[in-house]
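Read in order, the letters of the sequence shown are residues 6 to 302 in our numbering.
Written out below as structure tokens is the structure these notes cover.
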Amino acid sequence: MLTCPVDRTPLSFDGSAFHCISSTGHNYPVINGIPRFVQSDNYVSSFSLEWNIHNKTQLDCFRDDAVSEKEFMTKTDFSPGDLRGKLILDAGVGAGRYTDIMSRWGAEVVGVDLSYAVEAAHKSFCDRENVMIVQGDISALPFRHGTFDAIISIGVLHHTPDTFRYFSYLVPFLKPGGSIAIWVYPNEGQFRVRKKWIPFTSRIPNSLFYAWCQWFIPITHRHASNPIIEALRPLFPWSDQGLGVEYDVLDTFDGYSPRYHGIHSREEVMAWFKEVGLIEVYSPNDCNTAVRGRLPG
Ligand SMILES: C[S@@+](CC[C@H](N)C(=O)[O-])C[C@H]1O[C@@H](n2cnc3c(N)ncnc32)[C@H](O)[C@@H]1O
Numbered sequence: 006m007l008t009c010p011v012d013r014t015p016l017s018f019d020g021s022a023f024h025c026i027s028s029t030g031h032n033y034p035v036i037n038g039i040p041r042f043v044q045s046d047n048y049v050s051s052f053s054l055e056w057n058i059h060n061k062t063q064l065d066c067f068r069d070d071a072v073s074e075k076e077f078m079t080k081t082d083f084s085p086g087d088l089r090g091k092l093i094l095d096a097g098v099g100a101g102r103y104t105d106i107m108s109r110w111g112a113e114v115v116g117v118d119l120s121y122a123v124e125a126a127h128k129s130f131c132d133r134e135n136v137m138i139v140q141g142d143i144s145a146l147p148f149r150h151g152t153f154d155a156i157i158s159i160g161v162l163h164h165t166p167d168t169f170r171y172f173s174y175l176v177p178f179l180k181p182g183g184s185i186a187i188w189v190y191p192n193e194g195q196f197r198v199r200k201k202w203i204p205f206t207s208r209i210p211n212s213l214f215y216a217w218c219q220w221f222i223p224i225t226h227r228h229a230s231n232p233i234i235e236a237l238r239p240l241f242p243w244s245d246q247g248l249g250v251e252y253d254v255l256d257t258f259d260g261y262s263p264r265y266h267g268i269h270s271r272e273e274v275m276a277w278f279k280e281v282g283l284i285e286v287y288s289p290n291d292c293n294t295a296v297r298g299r300l301p302g
């Protein structure tokens, strides 16, 4: 299924790199077992840091719970029977919490990410024969058009330079009749407040801001009912998911460190699906900006 993302021509493989068979001679090395279709992590260095520290924090298979599975089912409306034996693209795989679920359900999963999160995902899943991890950019994916039975992209597209444009890049990779399910940040509540902070917090060096989250979040846990902490929360909404300090450190860093932080309404997202020709567009489980649709065919 791999294709040169520049020329869209087939690739040959010599054991250490993929080579474009056209005369342009593009080469794509395989490093640490991962095909690399980008030369750096570009604008997503915060994700490279967070997913390599928190490579297991949100993975149900390591936590021994079903938090990510429930969230996946709520946001996509997919159940195990829908995906078993199907070829799925997890666009913006991160540490792979949804790849974990889909592959355990019996799907063949390709996880792609622009960041070095791919190192973490590859380490977690390299022993699963039905998972392949690739480092690549959604704006130039290294796959043949019409490859996937389904594409999921949860919590990703609002972190790109243009949420709609990056969504539209995904659609040609669906097989006719294939489904796509996405979730993007809603234009409401704490997402709006965080967006105001992003121009400042995303400029703080990643390791410094991460160290601050590691210091600050345990304080919010220890002094949850302190009036100063309570007064601060609406101004700077940190994560408080009830899943432990580690989860909240990750989620707070994740919420304030990325370069891009788009927020959108459900109507806007549903309109995008219709604009690119998708049918049977709906919002699963009435979950704010989670939207799913199908390519005709
Ligand atoms: C908040 S994380 C979500 C990861 C995963 N979907 C999850 O929910 O755990 C967003 C991910 O999108 C990736 N990403 C952002 N822009 C991308 C692009 N243009 N191409 C591929 N991945 C991208 C980031 O590197 C990051 O790992």
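In this text, a Cβ means the ideal position worked out from N, Cα and C, and glycines have one as well.
From a predicted model like this one, the values you see are computed outputs, not experimental measurements.
- With a cut-off of 8 Å on Cβ pairs, the stretch 31-50 is in contact with the stretch 123-141, counting three or more such pairs.
- Apart from sequence neighbours up to five positions away, the residues of its chain that approach Ser73 with a beta-carbon distance below 8 Å are Gln63, Leu64, Asp65, Arg102, Tyr103, Asp105 and Ile106, ordered along the chain.
- Only exposed fits His150, as fewer than 16 other CB atoms lie within 10 angstroms of its CB.
- Exclusion of the five residues before and after His127 leaves Asn37, Gly38, Ile39 and Ile138 as the residues of its chain whose Cβ lies within less than 8 Å of its Cβ.
- Ligand 1 never approaches Leu16 closely enough for any of its heavy atoms to be under 7 Å from the residue's Cβ.
- Note on Ala216: under 16 other CB atoms within 10 angstroms of its CB, so exposed under the neighbour-count rule.
- When beta bridges are read from the DSSP output, His24 appears opposite Ser17 and Asn32.
- By the Cβ-count criterion, Ala276 is exposed, with fewer than 16 other Cβ atoms from all chains shown falling within 10 Å of its own Cβ.
- Taking all protein chains shown into account, Gly116 has 16 or more neighbouring C-beta atoms within 10 Å of its C-beta and is therefore buried.
- Counting only residues of its own chain and dropping the five nearest sequence neighbours on each side, Pro242 has a CB closer than 6 Å to the CB of Gln195 and Val198.
- By the neighbour-count definition (other C-beta atoms within 10 Å, threshold 16), Ala112 is a buried residue.
- For the set Ser270, Val281 and Ile284, the Cα lying nearest the Cα of Thr294 is the one of Ser270.
- With contact defined as three or more Cβ pairs closer than 8 Å, the stretch 181-192 and the stretch 202-213 are not in contact.
- Ile156 sits close to Leu94, with the two beta carbons spaced by under 8 Å.
- About 5 Å separates the CB atoms of Tyr265 and His164; that is less than 8 Å, so the two are in contact.
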